[in-house]
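Comments concern the structure below.
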Amino acid sequence: MKRIYLDNAATTMLGGEVLQEMMPYFTSIYGNSSSLHSFGREAVKGVDNARDIIANYIGAKNSELFFTSGGTESNNWALRGVAYANIKKGKHIITSEIEHHSILDTCKQLEKEGFTVTYLPVDSTGLVSISDLLHEIKPTTTIVSIMAVNNEIGTIQNIKAISEIVKFYGAYFHVDAVQALGAFKLNVNDLGVDLMSISAHKIHGPKGVGALYIRENVKINKFMLGGEQEQNRRGGTVNVPAVVGFGKAVELNARDLDYKDKKLFELTSYFIKKIEYEIPDIKINGNQNQKALSIVSVTFDNIEGENLIMLLDLKGIAVSTGSACASGSLEKSHVLKAIGLTDEQIRGTIRFSFDINISKDDIDYVVRTLCEEVQKLRNASPLKNKKKVN
Ligand SMILES: *Cc1c(COP(=O)(O)O)cnc(C)c1O
276 MKRIYLDNAA TTMLGGEVLQ EMMPYFTSIY GNSSSLHSFG REAVKGVDNA RDIIANYIGA
336 KNSELFFTSG GTESNNWALR GVAYANIKKG KHIITSEIEH HSILDTCKQL EKEGFTVTYL
396 PVDSTGLVSI SDLLHEIKPT TTIVSIMAVN NEIGTIQNIK AISEIVKFYG AYFHVDAVQA
456 LGAFKLNVND LGVDLMSISA HKIHGPKGVG ALYIRENVKI NKFMLGGEQE QNRRGGTVNV
516 PAVVGFGKAV ELNARDLDYK DKKLFELTSY FIKKIEYEIP DIKINGNQNQ KALSIVSVTF
576 DNIEGENLIM LLDLKGIAVS TGSACASGSL EKSHVLKAIG LTDEQIRGTI RFSFDINISK
636 DDIDYVVRTL CEEVQKLRNA SPLKNKKKVN
């Protein structure tokens, strides 16, 4: 049976060249990068090289890049670290309703600790409105955190425009760029961001490693205590093999970005055209003018998405609902709710997230299977008489 992985927004396959680069750091180069002897120095070389590659790629100085355990830690650190370090300026935070849970849950916790958080709404395509931001930002706002690319619907925010307003009000601007890293060229100066979270495993790097970019002079507290690593700002023995793999993944991502763009455009427009032609009563979500090419969120009327996922899984096709909630949890996607979908539409929404290793044959198979399974589910649906289904 074919096995087709269309859940690349959840995680990606480790790249072969990435694994090769990491291997020596699992075997012969096992020193602790904090040690002063030759074993330590060899490990430091690998870490420094990765830091150079990544910092250079995002337009940062290498002293402004701090390795973490991933996007989640970077997001926690950015919010909590800035909120507490700047408490004299104020206790107000701004974010959006469609952020990743690592942002939203941190904000909810900060609210319990006495901070005030404004959650900006989005329009039906997932865009934050600049005038809403202007209306909500105030002198006591210390940090504004807005994601660059949404992981469920792919919408790309107007980061540059947001940054100008945030700067004008003297707040810090944090961007969750975990999904953006593989989607387009990121430059912290062009975008005007003060802090930026990235992660390796969404771009064919290893899981459990990421980084937080912190612009020089940003006032931020430590998050992980207990060691002098990372310029005494993030304690904990550095995960050297993972960091080395992260560097390689960023290098390859930079090298292949143009090709990837072209290929993903071909693949996803082919997929969208086919499903729009073959399957009635569907809707594509997100902002079609400003969207990560790899993410295609589709709402199927009169379908239980969870059932469709299981049926597709039996046919070797891996997709998701888009919300990475714990399995079994029936919590509705906050993103789909924020763009105005009804509960029924949310339940019928599936995220297909692509990578360039997918072939047109694969897509033909996926669309054929989708047609069959959607038809089956709709025929069995108690809702089928509500709407004509052919
Ligand atoms: C995956 C993801 C994260 C979390 O990153 P991890 O490295 O898995 O902790 C944060 N934000 C977005 C937008 C993501 O897609």
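Anchor point for the sequence shown: position 290 equals 565 in our numbering, and the numbering is continuous, going up by one each time. Built from N, CA and C at the ideal position, the CB exists for glycine as well. Keep in mind it's a predicted model, so treat the numbers as computed, not measured.
So which of Q432, E317, T415 and R355 has the shortest CA-CA distance to N562? Put simply, of Q432, E317, T415 and R355 the residue whose alpha carbon is nearest the alpha carbon of N562 is Q432.
Three CB pairs or more closer than 8 Å across the segment 446 to 456 and the segment 579 to 596: Taking 8 Å as the limit for Cβ pairs, the verdict is that the segment 579 to 596 does not touch the segment 446 to 456.
Quick check on F540: does DSSP put it in helix, strand or coil? It is helical.
Let me know the secondary structure DSSP gives Y280 once reduced to three states. Looking at Y280 - three-state DSSP - the assignment turns out to be strand.
Taking 9 Å as the cut-off, decide whether the C-beta atoms of I495 and A486 are in contact. Not in contact: I495 and A486 (Cβ atoms no closer than 9 Å).
Compute the minimum distance between the beta carbon of V453 and the heavy atoms of ligand 1, and state whether it is under 8 Å. True, at least one ligand heavy atom lies under 8 Å from that Cβ.
Q620 burial status per 10 Å Cβ neighbour count (16 or more: buried): So Q620 counts as buried.
Per DSSP, what kind of secondary structure is G485 in: helix, strand or coil? Strand at G485.
Report yes if the CB atom of Y394 is closer than 9 Å to the CB atom of K413, and no otherwise. No, these two residues do not count as a Cβ contact at 9 Å.
What are the boundary residues of the alpha helix (DSSP H) that S313 is part of? If you look at S313, you'll find it in the alpha helix (DSSP H) that goes S313 to I333.
Under the criterion of a Cβ to heavy atom distance below 8 Å, does T370 qualify as lining ligand 1? Checking every heavy atom of ligand 1 against the Cβ of T370, none is found closer than 8 Å.
In chain order, what are the residue ranges of uninterrupted alpha helix (DSSP H) at least 4 long that sit wholly in the segment 487 to 575? The segment 487 to 575 contains these whole alpha helix (DSSP H) runs: 504 to 507 and 515 to 553.
Whole-angstrom distance between V513 and L311, CA atom to CA atom: Between L311 and V513, the alpha-carbon positions lie close to 14 Å from each other.
Does DSSP put T287 in a helix, a strand or coil? The answer is coil: DSSP assigns T287 none of H, G, I, E or B.
Proximity below 9 Å, CB of V649 to CB of I578: Yes.
Pick helix, strand or coil for S628, following the three-state DSSP scheme. Note: S628 maps to strand in three-state DSSP.
Measuring only from the beta carbon, is A284 closer than 8 Å to any heavy atom that is part of ligand 1? At least one heavy atom of ligand 1 is nearer than 8 Å to the Cβ of A284, so yes.
What I want to know is whether the C-beta of E292 ends up closer than 8 Å to one or more non-hydrogen atoms of ligand 1. In this structure, E292 has its beta carbon at no less than 8 Å from each heavy atom of ligand 1.
Residue closest to Y488, alpha-carbon to alpha-carbon, out of K277, S338, S656 and S309: Between Y488 and the set K277, S338, S656 and S309, the nearest pair of CA atoms involves S338.
Report buried or exposed for A601, applying the criterion of at least 16 other Cβ atoms within 10 angstroms of its Cβ. At A601, the pLDDT of 41 sits below 50, so the modelled position is not reliable and the matter cannot be decided from this model.
One or two residues paired with D451 in a DSSP bridge: M422 and S472, per the DSSP bridge assignment.
When DSSP labels each residue in this structure, what does A358 get in the three-state scheme? Of the three classes helix, strand and coil, the one that applies to A358 here is helix, per DSSP.
What is the DSSP secondary structure of F342, reduced to helix, strand or coil? In the three-state reduction of the DSSP assignment, F342 falls in the strand class, which pools E and B.
Measure the C-alpha to C-alpha separation of L500 and S404 and round it to an integer number of angstroms. The straight-line gap separating the alpha-carbon atoms of L500 and S404 is approximately 37 Å.
Under the criterion of a Cβ to heavy atom distance below 8 Å, does M471 qualify as lining ligand 1? For ligand 1, not one heavy atom lies less than 8 Å from the Cβ of M471.
Between the C-alpha atoms of K363 and K442, what's the straight-line distance to the nearest angstrom? The alpha-carbon separation between K363 and K442 amounts to approximately 18 Å.
Under the three-state DSSP convention, the category A446 falls into: Of the three classes helix, strand and coil, the one that applies to A446 here is coil, per DSSP.
In this structure, how does DSSP classify S406 when only helix, strand and coil are distinguished? In the structure shown, S406 falls within a helical segment according to DSSP collapsed to helix, strand and coil.
Over what stretch of residues does the beta strand (DSSP E) that includes T644 continue unbroken? In the DSSP assignment, T644 falls outside any beta strand (DSSP E) and within the unbroken alpha helix (DSSP H) covering K635 to A655.
8 Å contact criterion, which H479 and G290 should meet: CB distance rounded: Taking the Cβ atoms as the reference, H479 lies roughly 4 Å from G290, within the contact range of under 8 Å.
Does DSSP put I431 in a helix, in a strand, or in coil? DSSP places I431 in strand when its eight states are reduced to three.
Is it the case that the CB of T512 approaches a heavy atom of ligand 1 more closely than 8 Å? Incorrect: T512 has no Cβ contact closer than 8 Å to ligand 1.
N-terminal and C-terminal residue of the beta strand (DSSP E) that V392 is part of: Counted as a single uninterrupted DSSP element, the beta strand (DSSP E) harbouring V392 occupies residues T391 to L395.
Just reading off the alpha helix (DSSP H) that T370 is part of, what are its end residues? Note, T370: premise wrong, no alpha helix (DSSP H); beta strand (DSSP E) at H367 to S371.
What do you reckon, are the CB atoms on S569 and G429 nearer than 9 Å? In this structure, the beta-carbon distance from S569 to G429 falls below 9 Å.
heavy atom of ligand 1 below 8 Å from G345 C-beta: Within the chosen limit of 8 Å, ligand 1 reaches the beta carbon of G345 through at least one heavy atom.
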